[in-house]
Amino acid sequence: ADGVTAFWAVSRALGPEFLRGMCLRYNSGYLVVTLVHLCIMSAGVACHDLLSEGVGLDWGSVLEIGLCFVMAASSILATTLMTEQCNEATHLSLRILERARVEAVVKKWPDKDEVVELVDVLGANLADVKPIQML
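Per our numbering, residue 476 is the first one in the sequence shown, and the count goes up by one each step.
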């Protein structure tokens, strides 16, 4: 029962941020690979234009690659901003737990010992959470 209570408390404290980090980390890796692929494609189009004499540049291909490049770059930017919010949510959760512990002791709640113990366990578990790092 204590494990279920702890899981419920963490889920309530973190809300939608719980386990979002894994998804963001792997998606950012896929986006980096996609961006490298787009850079190689852009270099290929540029080299093709230089090597082909008199053919000219195919603007349709350039626009398509450019659009994909802009979309991938903006997606990486959005992922980076969401990652920063997830990392901040962990620190915010720790502060919320500390406030609950202090409030339980100061206001002399009847179950303050249980609250203090639960906050210690949850705080230790959240302190071990590594911040999400981009690739």
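No residue lacks a Cβ here, since even glycine has one placed at the ideal position from N, Cα and C.
Quick caveat, the model's predicted, so the values are computed rather than measured.
Here the alpha carbons of E592 and S549 stand approximately 44 Å from one another. Spatial neighbours of F544 in its own chain (CB-CB distance under 6 Å, excluding positions within 5 residues in sequence) are listed in chain order as L513. If you check the CB distance, V507 and I540 do not come in under 9 Å.
In this model, D586 and A579 are separated by some 8 Å (Cα to Cα).
Between the C-alpha atoms of V577 and T555 there is a straight-line separation of about 34 Å. Across the structure, W534 and L525 are spaced so that their CA atoms are roughly 14 Å apart.
Taking the CA atoms as reference points, T565 sits about 27 Å from A547.
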